[in-house]
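Structure, as structure tokens:
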Amino acid sequence: MGFNLCITLLFFSMLISFLSRTPTEATPTYIDHACINTTTLTPNSAYRSNLLQLLSYLSSNATTNLEFYNASVGNSVDTVYGLFLCRGNVPAADCRDCVAVATKQLVDSCPEEKAAVVWYADCMLRYSNRYIFSTMVSQPSFSISAQQNVSDPNRFDYLVMAMMNDSASLVTKVGSGAKKFSTKQVQFTASQTLYAIVQCTPDLSGYDCNRCLQIAIKNLSGCCGGKESGIVTLPSCYLAYNVNQLYLTGNTSEPTPNPAPVPPPPSSGKDQISLPAIISIVASISVCAMLFVMGYCFLRRRARKKNKAIQEGGANDITTLESLQFGLATIEAATNNFSDDNKLGEGGFGAVYKESKTCNQMGENQINPQANHNPFLSMKHLLLMYTLDSITVTDA
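So the sequence shown is residues -26 to -1, 1 to 370, counted in mature numbering (1 follows the signal peptide of the UniProt record, and there is no 0).
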């Protein structure tokens, strides 16, 4: 019963722990990377140490709902500059996962270069030994298109170029530091919708953002004409289109400035707890519950074994006590038929007798293996206690 209860509790604890786990995150969709071969990186150098520290900074700041972040580590010749940019409407959790994968993949893919860039569908990450902030960089670039052709390539290409130019015009109207991101969609056929997306790093001015996007649009027309989808990525901007939905529904197509930091609102006593925090709490409670159940089962089994041992020991003691009870004939023989010579006195429990010398001698002979068989054991070595009609016998 107890063992089955432990198994049941353990099963439910494991079930709760399993349900509280977060689903396995999908691996970010990789596009391309480039190792910029201007200078080489030596192992165990100060620059590499600064680079690893920088990548840690970038990854940790992707967990604070930031779509864009730049930082530098070191000074003079060992300074390393880096930044990441997440797609403007990607969920915060996907941004975090993408940057985490990018920081690891890029340093592994470019172990000897001081500058590198990697593009994923959800984010871009780059670092360099040169100052890269607020500076438009168009190289290296990457372009790719789908294999499938569209039914009306001329009209399709016209729509793509029109959408890209309109989107570029929108994002370049905002100044440096503002979010430069835009999405558009247009109906291509009765059953197909064309989606487009453009984005620049927020640290660019509107002018530099437009320059970057115009280069990307030119590259797009050269690589992807008449194809169902196309992507062009540059270190400072990127654009993409597809007949499948590229971005989440319900997002505005207008670029919006990054909000200025504001002090947290006063606590109302009903603070919202984020989903990751709730999952962490539930997982922690589940682990504690599993440990508690396992400990309970262990202690319960241990206690049962201990009680069983005590009961067996008690049974042996009772058997021993029973074996020390003697019949009346034995008592009479031991006290010489309750002779007054063997009487020691009387108390509240009756008369007290000592064993006779004859009985004592027989007991000693019994212990001696050379002696004849005798039914008595030595009363000097055994407790002889028998109560009959308030008579108590002891060994003097």
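Where is the CB? At the ideal position from N, CA and C, for every residue including glycine.
Nearest-angstrom beta carbon gap, residue j and residue i [assumed within contact, 8 Å]
{"i": "I5", "j": "A76", "result": "Between A76 and I5 the Cβ distance is about 11 Å, and since that is not below 8 Å, they are no contact."}
{"i": "A170", "j": "V134", "result": "7 Å"}
{"i": "N103", "j": "A66", "result": "Actually they are not in contact, since the Cβ atoms of N103 and A66 sit about 30 Å apart, beyond 8 Å."}
{"i": "V73", "j": "S119", "result": "Not really, about 27 Å apart at Cβ, beyond 8 Å."}
{"i": "I259", "j": "S117", "result": "About 50 Å; that fails the 8 Å criterion."}
{"i": "C186", "j": "L194", "result": "Not really, about 13 Å apart at Cβ, beyond 8 Å."}
{"i": "W93", "j": "T207", "result": "4 Å"}
Whole-angstrom distance between residue j and residue i, CA atom to CA atom
{"i": "I10", "j": "R129", "result": "38 Å"}
{"i": "residue 405", "j": "L168", "result": "With the chain running from -26 to 370 in the structure shown, residue 405 is simply not present."}
{"i": "Y212", "j": "V172", "result": "6 Å"}
{"i": "K192", "j": "M138", "result": "10 Å"}
{"i": "C197", "j": "S46", "result": "35 Å"}
{"i": "A303", "j": "N316", "result": "16 Å"}
{"i": "S313", "j": "E320", "result": "14 Å"}
{"i": "Q344", "j": "A325", "result": "Any answer about Q344 is weak, because its pLDDT of 47 lies below 50 and its placement is not dependable; what the coordinates show is given next. So the alpha carbons of these two residues sit roughly 36 Å apart."}
{"i": "F107", "j": "C183", "result": "13 Å"}
{"i": "E87", "j": "C69", "result": "25 Å"}
{"i": "P85", "j": "Y270", "result": "51 Å"}
{"i": "L144", "j": "P127", "result": "26 Å"}
{"i": "L26", "j": "V81", "result": "8 Å"}
Three-state secondary structure (DSSP) of residue i
{"i": "C198", "result": "coil"}
{"i": "R61", "result": "coil"}
{"i": "G149", "result": "coil"}
{"i": "L295", "result": "Residue confidence for L295 is low, a pLDDT of 44 falling below 50, so the modelled location carries little weight; the figure read from the coordinates is stated next. In the structure shown, L295 sits in a helix (DSSP, three-state: H, G or I)."}
{"i": "T38", "result": "coil"}
{"i": "G204", "result": "strand"}
{"i": "E86", "result": "coil"}
{"i": "I118", "result": "strand"}
{"i": "V267", "result": "helix"}
{"i": "R104", "result": "coil"}
{"i": "G56", "result": "strand"}
{"i": "A277", "result": "helix"}
{"i": "N44", "result": "strand"}
{"i": "F155", "result": "strand"}
{"i": "L249", "result": "Model confidence at L249 stands at a pLDDT of 43, short of 50, so the residue's coordinates are unreliable; what they give is reported in the following sentence. Reduced to three states, the DSSP call for L249 is helix."}
{"i": "A325", "result": "strand"}
C-beta atoms of residue i and residue j nearer than 8 Å
{"i": "F42", "j": "P176", "result": "yes"}
{"i": "G200", "j": "T146", "result": "no"}
{"i": "V217", "j": "Q166", "result": "yes"}
{"i": "G56", "j": "L15", "result": "no"}
{"i": "S210", "j": "V111", "result": "yes"}
{"i": "N24", "j": "V54", "result": "yes"}
{"i": "A142", "j": "Q113", "result": "no"}
{"i": "Q122", "j": "E202", "result": "yes"}
Residue i at chain C interface by Cβ criterion, 8 Å
{"i": "T146", "result": "No chain C appears in this structure, which consists of one protein chain only."}
Exercise. Say whether the segment 151 to 170 touches the segment 13 to 20, bearing in mind that this needs 3 or more beta-carbon pairs closer than 8 Å, one atom from each stretch.
Key: no
Quiz item: If we count Cβ pairs, one from each stretch, closer than 8 Å, do we get three or more for the segment 55 to 62 versus the segment 94 to 111?
Solution: yes
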